[in-house]
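Here the sequence shown is numbered in our numbering, starting from 10 and rising by one per residue.
Have a look at the structure below, then the notes.
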Amino acid sequence: MKKICTLLLGLILPFVVSVAQEINEASRIAIKVEIPQNIDLKTDASNILFNRLNQAVALNGLGAASGKFLLVPRVTLLSKDVTTTIPQQFVVEMEVFLFIVDVTQKTILQQESIVIKGIAENESKAVLKAVSSLQARNPSLKNLIVRGKDKIVAYYNTECDVLLKKAESLIARKMYYDAVVELESVPLLNNNVSCFEKSLQMLEQIDQSIRLEAKDKMEQGEHNLDWLAE
10 MKKICTLLLG LILPFVVSVA QEINEASRIA IKVEIPQNID LKTDASNILF NRLNQAVALN
70 GLGAASGKFL LVPRVTLLSK DVTTTIPQQF VVEMEVFLFI VDVTQKTILQ QESIVIKGIA
130 ENESKAVLKA VSSLQARNPS LKNLIVRGKD KIVAYYNTEC DVLLKKAESL IARKMYYDAV
190 VELESVPLLN NNVSCFEKSL QMLEQIDQSI RLEAKDKMEQ GEHNLDWLAE
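Encoded structure:
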């Protein structure tokens, strides 16, 4: 019996370790949620959506105040109707487009769309109801974040040397902000320990005051995402 248990443990343990490593790696990828900029959303609805997306990112690993990877929401009003009942009710249907992007490369890594609905005594409240219906644990939202992080992990496992050469070129041209964005985003993964260490060494080449200024700019700066509409 002990031999059987030992054999089973030997078969199961590598699988468990492998799964744990994958989960751990994905959890090290930090994604920043972009504040919704959309004419169909007023401030209250925009804040609710922003907070829900931040909760979703936190539930699936790390959020970020800055960085090269963003979760970008775009909301479109699909329909708006008024019921014939007394009192009248406003019914809105909206589509939330979600993009995980690499803002420095201007590329979409993953995307998803979720349809939401709301009903209330006026249009503004109906929009709030619709946005509030999008939960942080929404399966489609979770799946988007997981797929996005998997793609980011694959990127760093295969392209980290290219990234370091790019950062080296940026430092040589004194483009410190762009270099810091690239280097600060490098995660510590099982297959890129040396790349992570090199990114730290390259950051040390940049004066600390410049690094701090660049990080502040990253956290406060607005990203030009017009290319998403192209």
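For each residue, glycine too, the CB sits at the ideal point set by N, CA and C.
Excluding five sequence neighbours on each side, which residues of the same chain lie with their C-beta closer than 6 Å to the C-beta of residue i?
i              : result
valine 112     : Lys77, Leu79 and His232
glutamine 114  : none
lysine 138     : Gly127 and Ala129
arginine 61    : Leu143 and Ala145
isoleucine 215 : Tyr185
Quick one: what's residue i bridged to in DSSP?
i             : result
aspartate 187 : Beta-bridge pairing links aspartate 187 to no other residue.
valine 81     : Phe108
glutamine 120 : Phe108
leucine 71    : Ala39
alanine 129   : Phe99
leucine 86    : Met103
valine 91     : Phe99
Can you give the Cα-Cα distance for residue i and residue j, rounded to whole angstroms?
i              : j                : result
valine 105     : threonine 94     : 28 Å
isoleucine 161 : lysine 134       : 38 Å
alanine 176    : proline 45       : 30 Å
valine 54      : serine 141       : The residue asked about is misnamed: residue 54 is alanine in this sequence, not valine. Between alanine 54 and serine 141, the C-alpha separation is close to 8 Å.
asparagine 63  : valine 136       : 20 Å
tyrosine 164   : phenylalanine 99 : 45 Å
leucine 68     : asparagine 152   : 12 Å
glutamate 168  : valine 101       : 44 Å
arginine 37    : valine 195       : 10 Å
proline 82     : glutamate 222    : 27 Å
serine 2       : valine 171       : This structure does not reach residue 2, given that the chain is present from 10 up to 239, and the question cannot be answered.
asparagine 166 : glycine 70       : 18 Å
glutamate 206  : aspartate 225    : 23 Å
glutamate 121  : arginine 182     : 37 Å
serine 88      : methionine 227   : 37 Å
aspartate 235  : isoleucine 125   : 24 Å
Compute the beta-carbon to beta-carbon distance between residue i and residue j, rounded to the nearest angstrom, for a pair I have assumed lies under 8 Å.
i              : j             : result
glycine 243    : isoleucine 40 : No answer is possible for residue 243: the residues shown for the chain start at 10 and end at 239.
methionine 211 : leucine 150   : Going by Cβ atoms, the distance from methionine 211 to leucine 150 rounds to 35 Å, so no, they are not a contact pair.
arginine 156   : valine 189    : About 27 Å; that fails the 8 Å criterion.
leucine 179    : aspartate 187 : 5 Å
Buried or exposed: residue i, going by 16 or more other Cβ atoms within 10 Å of its Cβ?
i              : result
valine 91      : exposed
proline 148    : exposed
arginine 146   : exposed
asparagine 131 : exposed
glutamine 97   : exposed
glutamine 217  : exposed
asparagine 201 : buried
Go through its chain and collect everything with a Cβ distance to residue i's Cβ below 7 Å, but skip five positions before and after it.
i                : result
valine 66        : Ile40, Val42, Gly72, Leu80 and Ile154
phenylalanine 59 : Val42, Ile44 and Pro45
leucine 192      : Ala176, Ser208, Met211 and Leu212
glutamine 119    : Ile109, Leu153, Arg156, Gly157 and Lys160
Just checking residue i against the ligand FAD - is the residue's beta carbon closer than 7 Å to any of the ligand's heavy atoms?
i          : result
lysine 115 : With respect to small molecules bound, the structure shown includes none, and the ligand FAD cannot be examined in it.
Leaving out the 5 sequence neighbours to the left and right, which residues in its chain are closer than 8 Å to residue i when beta-carbon positions are compared?
i             : result
leucine 237   : Val81, Arg83, Phe108, Val110 and Ile117
isoleucine 57 : Leu137, Val140 and Ser141
threonine 52  : none
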